[in-house]
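Novice:
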């Protein structure tokens, strides 16, 4: 494995404002939180609360207006930090490359020899359950299969930090639960630091060690809840536990107000 | 995604039916033309008749008359294509990567592209003579803009998601160029390549028609000046077969290079 030790993610009073024709727009304001090394943390919040902007800033794709983001002991300034993994909400596979070529790309970019690259990409496709699909192009794969290829593409270079932006939101419920379980299994081996964005509270609780609730835009941290459910977990069965229901109720009370506020704002327009 | 044996067999028989149908349609048109001309329903002075055309064209090939003319047209079209494509790709890349350049030249490009090229042909002939150069210039003036706009669009319209994806996995500017931008531009360029070939032949023919001493366009023009409709139509026939062959081989190339694309349902 290329995997280096997991990293701590620290956000200190992070703010992001955009210039828009209507004036200045604040996407997130004064967001501070930490994700301890090797933890699985979810961010939940109503749509439009700046979740994606937050991830973009951590990945160095979106500049920070104010505040500071630190990965391990290295501040994120100007550019993409090394060895970060990002699973996008929309498919980001290169349509002109086969599944194998897509998974191999991060290693090819790192100048690894061709034979090693191919062998490891084949192995990763097998690990995400796609042995035999090496020569398929993205358009020949189903949505769930494409997500698996994306996951393998992100995990193959062992990024110590894994950012996931509603990666499973476009999948049907069954595929989604399967993929969530597979993600947990893979994560149990890699144990990188995961920051997972979702608007689905059940998904957040089922997957995470901690759930952070964001307010309706501009996003701020409203509350943070540890999830003391035992691992290994099955994301479907864990929902039947009493503890799960209790946590869900508790966090939903916080989230509900934000969702309603966000909805009211959106419908008033 | 393999189709079953039965589906494949049905597709093959569909194709065969289509081919036979097309051959019959062509035969019917030719037969009606010949019969009409012989019966005096249509005047062969204006439209000749298939048997005479066949005789003329066969004579051209057998006597070797046609080869230098085909060669001249091919040369003009191919040279013009090569220069036009190379120029279009280079300028398209420059404009895509240096927005100031693009802003500076944009109005000029639009005006030039909107100018009917046929109006420029006399100028090219005055400037460059009735030889090869004026025809190449004519072809370039058509092909360049098509390729330029494709390259520019291909580079500018890349999905930001794909760029971010490669950046996040550690891709440098070079990696982005090689794995995202160029493949994207190439698909656009390939999509317009077939149109380019058509325009290249049109450009060469127009150039020949307006002033040349050889080429398929010249044959047509010469036949016209002699009021010899048989020669004009024979020239057009040679031209049609020539263009169809070119287009067919390009279609084949295109399929080979766009194998990753989704076929329309």
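Protein chains in written order, with this note's numbering: chain A, 21 to 289; chain B, 691 to 955. The beta-carbon is built from N, C-alpha and C at its ideal position, and this holds for glycine as well.
Taking 8 Å as the CB-CB limit, is residue 779 of chain B close to chain A?
Specialist: no
Novice: Assign residue 269 of chain A to buried or exposed, taking buried as 16 or more other Cβ atoms, counted over all protein chains shown, within 10 Å of its Cβ.
Specialist: Exposed, by the Cβ-count rule.
Novice: How should residue 963 of chain B be labelled, buried or exposed, when 16 other C-beta atoms within 10 angstroms of its C-beta is the threshold for buried?
Specialist: The structure shown does not extend to residue 963 of chain B, since chain B is modelled only from 691 through 955, so no value can be given for it.
Novice: Once the 5 residues before and after residue 808 of chain B are set aside, which same chain residues still bring their CB inside 7 Å of it?
Specialist: 896
Novice: Say whether the region 792-799 of chain B touches the region 735-748 of chain B, bearing in mind that this needs 3 or more beta-carbon pairs closer than 8 Å, one atom from each stretch.
Specialist: Verdict: no, contact absent.
Novice: Taking only three categories from DSSP, how would you classify residue 163 of chain A?
Specialist: DSSP places residue 163 of chain A in helix when its eight states are reduced to three.
Novice: Just the Cα atoms here: how many angstroms apart are residue 156 of chain A and residue 172 of chain A?
Specialist: 15 Å
Novice: Let me know the secondary structure DSSP gives residue 691 of chain B once reduced to three states.
Specialist: Model confidence at residue 691 of chain B stands at a pLDDT of 48, short of 50, so the residue's coordinates are unreliable and nothing is read from them.
Novice: Residues of chain B with a CB under 9 Å from the CB of residue 294 of chain A: which are they?
Specialist: In this structure chain A extends from 21 to 289, so residue 294 of chain A is not present and cannot be described.
Novice: Beta carbon of residue 774 of chain B, beta carbon of residue 830 of chain B: below 8 Å?
Specialist: It is a contact, given that the beta carbons lie within the stated cut-off.
Novice: Tell me the DSSP bridge mates of residue 95 of chain A?
Specialist: A:90
Novice: When you compare the CB of residue 861 of chain B with every CB in chain A, is at least one pair closer than 8 Å?
Specialist: yes
Novice: Could you check the C-alpha separation between residue 75 of chain A and residue 220 of chain A for me, to the nearest Å?
Specialist: 17 Å
Novice: Kindly indicate if chain B contains any beta-carbon less than 8 Å away from that of residue 181 of chain A.
Specialist: no
Novice: Alpha carbon to alpha carbon, how far is residue 870 of chain B from residue 267 of chain A? Give it in angstroms, no decimals.
Specialist: 44 Å
Novice: From what residue to what residue does the beta strand (DSSP E) around residue 246 of chain A run?
Specialist: 241-246
Novice: According to DSSP, simplified to helix, strand and coil, what is residue 129 of chain A?
Specialist: helix
Novice: At a CB-CB cut-off below 7 Å, which residues of chain A make contact with residue 847 of chain B?
Specialist: Near residue 847 of chain B there are no residues of chain A at all, since even the closest Cβ is about 13 Å away, more than 7 Å.
Novice: Kindly indicate the opening and closing residues of the alpha helix (DSSP H) around residue 766 of chain B.
Specialist: 757-787
Novice: What are the start and end residues of the beta strand (DSSP E) that includes residue 232 of chain A?
Specialist: That run of the beta strand (DSSP E) goes 230-234.
Novice: Could you name the residues of the same chain whose beta carbon sits closer than 8 Å to that of residue 866 of chain B, not counting the 5 residues immediately before and after it, in chain order?
Specialist: Answer for residue 866 of chain B: 853, 856 and 857, listed in chain order.
Novice: Just the C-alpha distance for residue 196 of chain A and residue 223 of chain A, rounded to the nearest angstrom, thanks.
Specialist: 10 Å
Novice: For residue 217 of chain A, which residues does DSSP report across the bridge?
Specialist: A:63 and A:185
Novice: Hey, would you say residue 179 of chain A sits closer than 8 Å to residue 247 of chain A, going by beta carbons?
Specialist: no
Novice: Check whether the region 64-72 of chain A touches the region 224-238 of chain A, taking contact to mean three or more Cβ pairs, one atom from each stretch, closer than 8 Å.
Specialist: yes
Novice: On the CB-based measure, 16 or more other CB atoms within 10 Å of its CB, does residue 894 of chain B come out buried or exposed?
Specialist: buried
Novice: Taking Cβ to Cβ, would you say residue 746 of chain B is nearer than 8 Å to residue 907 of chain B?
Specialist: Contact flag unset, no.
Novice: Do residue 99 of chain A and residue 87 of chain A come within 8 Å of each other at the CB atom, strictly closer than that value?
Specialist: no
Novice: Verify the contact flag: residue 275 of chain A, CB atom, against every heavy atom of the ligand COA, threshold strictly below 7 Å.
Specialist: Looking at this structure, you won't find the ligand COA or any other ligand, since it has none at all.
Novice: Could you check the C-alpha separation between residue 143 of chain A and residue 61 of chain A for me, to the nearest Å?
Specialist: 28 Å
Novice: Does DSSP put residue 105 of chain A in a helix, in a strand, or in coil?
Specialist: strand
Novice: Please look up how many angstroms separate the CB atoms of residue 811 of chain B and residue 900 of chain B, rounded, as I've assumed it's under 8 Å.
Specialist: By a beta-carbon distance limit of 8 Å, residue 811 of chain B contacts residue 900 of chain B. Their separation comes to about 5 Å.
Novice: DSSP state of residue 119 of chain A, grouped into three classes?
Specialist: helix
Novice: State yes or no: is the C-beta of residue 934 of chain B within less than 8 Å of the C-beta of residue 845 of chain B?
Specialist: no
Novice: Using the beta-carbon of each residue, which ones in chain B are nearer than 9 Å to residue 108 of chain A?
Specialist: 851, 854, 855 and 858
Novice: In whole angstroms, what separates the C-alpha of residue 732 of chain B from that of residue 714 of chain B?
Specialist: 22 Å
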